[in-house]
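So the structure is just underneath, and the comments pick up after that.
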């Protein structure tokens with residue numbers, strides 16, 4: 118196995134002395150701390166207050182988001198008519214939390230709704246015809262898709278052919294051609310004036326709930342922030358700006374008034390509620406919720422997250438714990454195999470052009486599809502290379518991609534798909550993506566992807582330095 122990779126330490130440029138002096142005096146803190154804040158683009162007392170003191174008043178107006186008018190009007194129509202809708206979400210924490218939040222919101226208003234989480238093994242990622250067919254069977258005329266849908270042009274068209282409206286609440290990178298949905302909420306879509314572009318999928322759906330509540334003069338949106346906080350932390354979107362407020366208030370709610378699901382998770386772990394942090398969510402809550410979707414039916418996660426009693430949550434918690442233990446075992450076995458596979462590959466290509474590969478692309482038809490995202494992340498952590506881990510499923514090579522800092526893996530896959538015919542479909546964002554490749558063209562994809570990745574890296578400002586993990590230091594402080 119390779120030894121630990123070297124890291125580079127980067128000390129931020131010294132902040133403007135005058136700005137540091139002004140801020141230091143304004144908020145009465147040492148110049149060393151003011152310098153760190155200025156380096157993080159915090160220049161005034163108001164900026165500092167927003168950073169340190171979180172207030173729901175600082176949440177952005179949901180009506181700014183492109184598509185919101187049509188979206189909230191359709192949901193209000195549903196509420197007034199008690200029209201049954203289907204809530205469709207991805208099978209990860211972001212998707213299941215978003216579905217749970219929206220289900221709880223409608224349930225508390227007495228609005229009937231059906232929950233649908235796709236089966237990772239039969240439906241694959243994103244909107245599925247199975248979910249649309251389920252809505253059609255039930256006579257449902259509206260689907261709200263959370264944490265997915267922005268690339269589902271064909272699926273949205275299929276739903277429309279059945280007379281089903283689609284509201285998409287997504288945060289992934291939109292394609293050049295958008296789905297012809299009833300309404301699309303995605304701050305990354307062209308011409309969307311919403312000022313914050315880093316909400317998770319649940320966060321986008323929350324803005325829809327917030328808009329509906331404001332129009333109907335309801336205040337129960339505030340009681341749903343715990344779902345948003347967990348999803349935001351688990352999906353590892355940047356903890357800045359609006360996300361800081363959502364996490365702060367959500368964690369406060371979990372601490373003071375925990376839902377049965379969150380109380381049960383902390384009760385069954387070594388952590389205490391008063392110690393809830395973003396890291397705890399990522400490493401304690403997230404894996405347990407994710408596990409049932411990785412190895413089986415993620416609807417169980419929604420049932421757990423929407424439990425009304427501690428007894429119900431306790432019963433479902435045992436299922437989550439069992440699946441999480443199984444996931445850990447499978448994860449460990451495949452991670453070891455992936456390392457061995459990569460080391461063997463490097464030995465095989467040592468005398469070829471491939472010895473200069475900058476990305477890892479591994480394919481094994483025996484690997485479990487439910488843990489490939491974890492394996493890709495662990496390979497990035499160990500080797501610090503953009504990593505794509507694939508298995509064979511339904512005749513295609515399917516898997517997950519994870520990136521290093523400052524390398525847009527979505528864009529790299531997009532360019533690869535345009536250049537070679539190997540890619541069947543893909544979706545994601547800057548740091549992560551899901552991908553499906555023709556199984557007989559994996560080697561062609563590996564070669565093309567590496568060539569394009571190498572070109573992107575060589576053309577970047579940092580060049581090959583991009584392949585060295587960076588430890589960023591805000592400032593040097595004299596403690597003498």
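Residue numbers (the working numbering): 118 to 597. Yeah, the Cβ is synthetic: ideal placement off N, Cα and C, and Gly gets one too.
Straight across, the Cα-Cα distance linking residue 194 with residue 369 is about 33 Å. For residue 480, the secondary structure class from DSSP, reduced to helix, strand or coil, is strand. For the set 410, 504, 464, 569, the Cα lying nearest the Cα of residue 476 is the one of 504. Nearest to residue 180 by C-alpha distance, out of 471, 327, 582, is 327. Beta-bridge partners assigned by DSSP to residue 456: none are found. Rounded to whole angstroms, the Cβ separation of residue 175 and residue 395 is 19 Å, and the two are not in contact under 8 Å.
The C-beta distance from residue 530 to residue 488 rounds to 20 Å, too long to meet the 8 Å contact threshold. If you draw a 10 Å sphere on the C-beta of residue 135, you find fewer than 16 other C-beta atoms in it, and that means exposed.
One alpha carbon belongs to residue 285, the other to residue 124, and they sit about 40 Å apart. Around residue 147, the same chain offers 141 as residues with beta carbons nearer than 8 Å, after the five sequence neighbours per side are excluded. At the C-beta level, residue 243 and residue 206 stay beyond 8 Å of one another. Taking 8 Å as the cut-off, the beta carbon of residue 322 is found no closer than this to the beta carbon of residue 257. With respect to the 8 Å criterion, residue 553 and residue 542 are classified as neighbours on the basis of their beta carbons.
Counting only runs of 4+ residues, the alpha helix (DSSP H) found wholly inside the region 238-262 occupies 246-254, in chain order.
The three-state secondary structure of residue 507, taken from DSSP, is strand. Looking at 293, 155, 298, the one whose alpha-carbon comes closest to that of residue 272 is 298. Across the set 533, 524, 595, the C-alpha of 524 shows the shortest separation from the C-alpha of residue 577.
Counting along the chain, the unbroken alpha helix (DSSP H) around residue 531 starts and ends at 526-536. A distance of 8 Å or more separates the beta carbons of residue 233 and residue 212. As computed with DSSP, residue 514 is found in a beta bridge with 509, 554. Rounded to whole angstroms, residue 250 and residue 419 show a C-alpha spacing of 20 Å. Residue 268 carries a coil assignment under DSSP once its states are collapsed to helix, strand and coil. Here residue 514 is buried: its Cβ has 16 or more other Cβ atoms, across all protein chains shown, within 10 Å. The continuous beta strand (DSSP E) containing residue 286 extends over residues 282-286. Residue 366 is a Cβ neighbour of residue 171, given a cutoff of 8 Å. The DSSP-derived three-state label of residue 325 is helix. Using a 10 angstroms sphere on the CB of residue 573, the tally of other CB atoms reaches 16 or more, which defines it as buried. Contact between the region 419-431 and the region 215-223 is present: three or more C-beta pairs spanning the two stretches fall below 8 Å. Rounded to whole angstroms, the gap between the alpha carbons of residue 455 and residue 259 is 43 Å. A distance below 6 Å between beta-carbons, with the five flanking residues on each side excluded, links residue 300 to the following residues of its chain, in chain order: 184, 187, 188, 284. Listed in chain order, the beta strand (DSSP E) elements of length 3 or more contained wholly in the region 346-371 amount to none. In the same chain as residue 492, and ignoring 5 residues on each side of it, the C-beta atoms closer than 6 Å to its own belong to 451, 452, 455, 506, in chain order. The three-state secondary structure of residue 405, taken from DSSP, is helix. By a beta-carbon distance limit of 8 Å, residue 305 contacts residue 314. Their separation comes to about 6 Å. C-alpha of residue 449 to C-alpha of residue 484: approximately 12 Å in a straight line. For residue 399 and residue 351, the gap between their C-alpha atoms comes out near 5 Å.
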